[in-house]
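Student: Quick note: the sequence shown uses the numbering used here, first residue 69, plus one each step. By construction, the Cβ of each residue, glycine as well, lies at the ideal position given by its N, Cα and C atoms. Fair warning: this is a prediction, and the values are worked out from it, not measured in the lab. Let me give you the structure first, and then I'll get to my questions.
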Amino acid sequence: MGFILKRLINSIFLSFGIAIVVFLLLRILPSVSFSDIYLNPRLSEEMIRRIKSAYGLDEPISIQFLNWLKEIITGNLGFSFIYRKPVINCIMESLSSTLTIGIPALVFSFGVGILIGIQSARNRGKLIDRITTSSLLVLYSIPSFWLGIILIHLFSYTFRLFPPSGLHSFNFNELNFFEKIFDLLRHIFLPALTLGTPPMAAIARFTRNTMLKVLSQTYIKTAIAKGLDQKTIFYRHILPNALLPVITLFGLYLPIFFAGSIVIEEIFSIPGIGKSTVDSILQRDYPLTVGITLFVSFIVILGNLISDILYSIFDPRIRLK
């Protein structure tokens with residue numbers, strides 16, 4: 069508990085540091101002014117001044133930063149310019165869409181990736197292993213945007229099995245419970261598959277390599293020489309030790325699944341965190357950009373914290389200090 073508390077405190081300061089850098093850069097770098105983007109050119113100078121004053125943009129950068137810091141400490145991330153509502157509400161609404169495709173992609177990538185890696189290692193040197201290894205390399209190398217477009221063309225327009233965009237049909241509210249579940253699954257299949265395929269290939273290759281490394285260890289040879297059955301050797305000696313490094317990948321890939329993928333959400337027209345990030349940057353929505361940055365940085369730090377905790381659970385030799 070002391071280790072977790074210390075890491076959480078460090079995470080808070082780290083998140084603030086990241087947000088401060090983004091806050092200052094968005095105001096220092098040359099950009100289009102607020103009035104040029106949002107305000108009607110026919111408005112009077114007095115009306116423009118009042119609107120800027122309402123958003124606090126007429127203050128010096130130092131004053132804006134202090135006001136923002138005070139609001140952050142009280143739990144207020146600010147008010148979005150483009151959505152006209154609190155930033156925290158924008159993030160929560162976008163997060164629900166992102167998690168809808170992120171969680172299935174996470175389960176698919178780790179579940180399928182680990183299974184494929186295990187089977188590939190157990191069939192080391194055989195034809196099936198060479199085919200699997202080559203296929204994983206191809207899947208890992210394919211750009212996500214190209215894979216998404218190919219899947220849409222193949223499964224949406226050629227075979228018409230899955231819808232090409234969105235999270236639900238236009239008549240979603242008229243469907244019963246089971247029809248809504250089926251409709252949602254049809255819509256999230258392609259984006260979840262696109263998001264989860266490259267990480268799945270990386271996890272499978274990583275799992276295979278770690279298993280082969282464990283198989284070459286002396287204690288495995290000793291267990292075989294002692295006459296232990298194959299299942300005992302595999303499930304009690306090989307698998308637990310081989311999966312330890314995979315836990316590191318969990319911490320690295322967690323932000324991708326839960327913070328959203330900009331490319332995937334743009335291709336499939338999903339209003340998630342990624343799309344909100346692009347909109348906030350292009351339209352100079354400073355509060356929303358900083359708020360999303362804080363959220364994503366927290367997810368990254370949380371993923372690393374979870375990895376450390378899982379390491380201590382699965383490997384008793386590791387002590388949290």
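I want to check one thing, is the minimum distance from the CB of L167 to the heavy atoms of the ligand FAD below 7 Å?
Tutor: The ligand FAD is absent from the structure shown, which contains no ligand whatsoever.
Student: According to DSSP, is P147 part of a helix, a strand, or is it coil?
Tutor: On the sequence shown, position 79 is the one that residue 147 refers to. Checking the sequence shown, residue 147 turns out to be Phe, not Pro. Strand, per DSSP.
Student: S348: buried (16+ other C-beta within 10 angstroms of its C-beta) or exposed?
Tutor: Here residue 348 is taken as the residue at index 280 of the sequence shown, counted from 1. The residue is buried, with at least 16 neighbouring Cβ atoms inside 10 Å.
Student: Taking contact to mean 3 or more Cβ pairs, one atom from each stretch, closer than 8 Å, check whether the stretch 309 to 316 and the stretch 266 to 277 are in contact.
Tutor: The answer is yes - the stretch 266 to 277 touches the stretch 309 to 316, with three or more Cβ pairs under 8 Å.
Student: Mapping DSSP to helix, strand and coil, what is M69?
Tutor: Reading the sequence shown from its first residue, position 1 is the one you call residue 69. Note: M69 maps to coil in three-state DSSP.
Student: When the Cα atoms are used, what is the spatial distance from S177 to S112?
Tutor: Start at 1 with the first residue of the sequence shown, and residue 177 comes out as number 109. Start at 1 with the first residue of the sequence shown, and residue 112 comes out as number 44. Distance between the alpha carbons of S177 and S112 is about 55 Å.
Student: Mind checking who P154 pairs with in its DSSP beta bridge?
Tutor: One-based indexing of the sequence shown puts residue 154 at position 86. Its beta-bridge partners are F147.
Student: Between F240 and the rest of its own chain, which residues show a CB-CB distance below 7 Å, the 5 nearest in sequence each way excluded?
Tutor: As a first step, residue 240 is located in the sequence shown; it is residue number 172 there, counting from the start. Closer than 7 Å at the Cβ level, and outside the excluded window around F240, lie K248 and D251.
Student: Provide the residue span of the alpha helix (DSSP H) that contains L283, from first to last.
Tutor: For the purposes of this step, residue 283 is taken as the residue at position 215 of the sequence shown. F245 to L283 is the extent of the alpha helix (DSSP H) around L283.
Student: Hey, how far is the Cα of V100 from the Cα of D353?
Tutor: Taking the sequence shown and counting its residues from 1, the one referred to as residue 100 is at position 32. Taking the sequence shown and counting its residues from 1, the one referred to as residue 353 is at position 285. Residue placement at V100 is flagged as unreliable, the pLDDT there being 45, under the threshold of 50; a coordinate-derived value is accordingly withheld.
Student: Does the beta-carbon of F326 have 16 or more other beta-carbons within 10 angstroms, so that it is buried, or is it exposed?
Tutor: Numbered from its first residue, the sequence shown carries residue 326 at position 258. So F326 ends up on the buried side.
Student: With a threshold of 8 Å on Cβ separation, who are the neighbours of I374 within its own chain once the five nearest residues in sequence on each side are excluded?
Tutor: Here residue 374 refers to the residue found at position 306 of the sequence shown. Cβ neighbours of I374 beyond the five flanking positions: F318, G319 and L322.
Student: Over what stretch of residues does the alpha helix (DSSP H) that includes D347 continue unbroken?
Tutor: The residue given as residue 347 occupies position 279 in the sequence shown. It spans I341 to L350 - the alpha helix (DSSP H) in which D347 sits, taken as one unbroken run.
Student: Report buried or exposed for T142, applying the criterion of at least 16 other Cβ atoms within 10 angstroms of its Cβ.
Tutor: As a working note, residue 142 is residue 74 in the sequence shown. By the 10 Å Cβ count, T142 comes out exposed.
Student: So is W136 buried or exposed if we call it buried at 16+ other beta carbons inside 10 Å?
Tutor: Reading the sequence shown from its first residue, position 68 is the one you call residue 136. W136 should be labelled buried.
Student: Going by Cα to Cα distance, which pick from T265, T262, G295 and N309 is closest to K281?
Tutor: Looking up residue 281 in the sequence shown gives position 213. Selected option, being the one with the closest Cα: N309.
Student: Nearest-angstrom Cα distance between K138 and G146?
Tutor: The residue labelled residue 138 in the question sits at position 70 within the sequence shown. The residue labelled residue 146 in the question sits at position 78 within the sequence shown. Each residue's Cα considered, the two are about 11 Å apart.
Student: Which residues in the same chain have their Cβ closer than 6 Å to the Cβ of S344, if we skip the five residues on either side of it in sequence?
Tutor: Indexing the sequence shown from 1 puts residue 344 at position 276. Excluding positions up to five away in sequence, the list reads S162.
Student: Per DSSP, what kind of secondary structure is G193 in: helix, strand or coil?
Tutor: By one-based count along the sequence shown, residue 193 stands at place 125. Residue state, collapsed to three classes: coil.
Student: Whole angstroms is fine: what's the gap from L378's alpha carbon to L92's?
Tutor: Here residue 378 corresponds to residue number 310 of the sequence shown, with the count starting at 1. Here residue 92 corresponds to residue number 24 of the sequence shown, with the count starting at 1. Taking the straight line from one Cα to the other gives about 36 Å.
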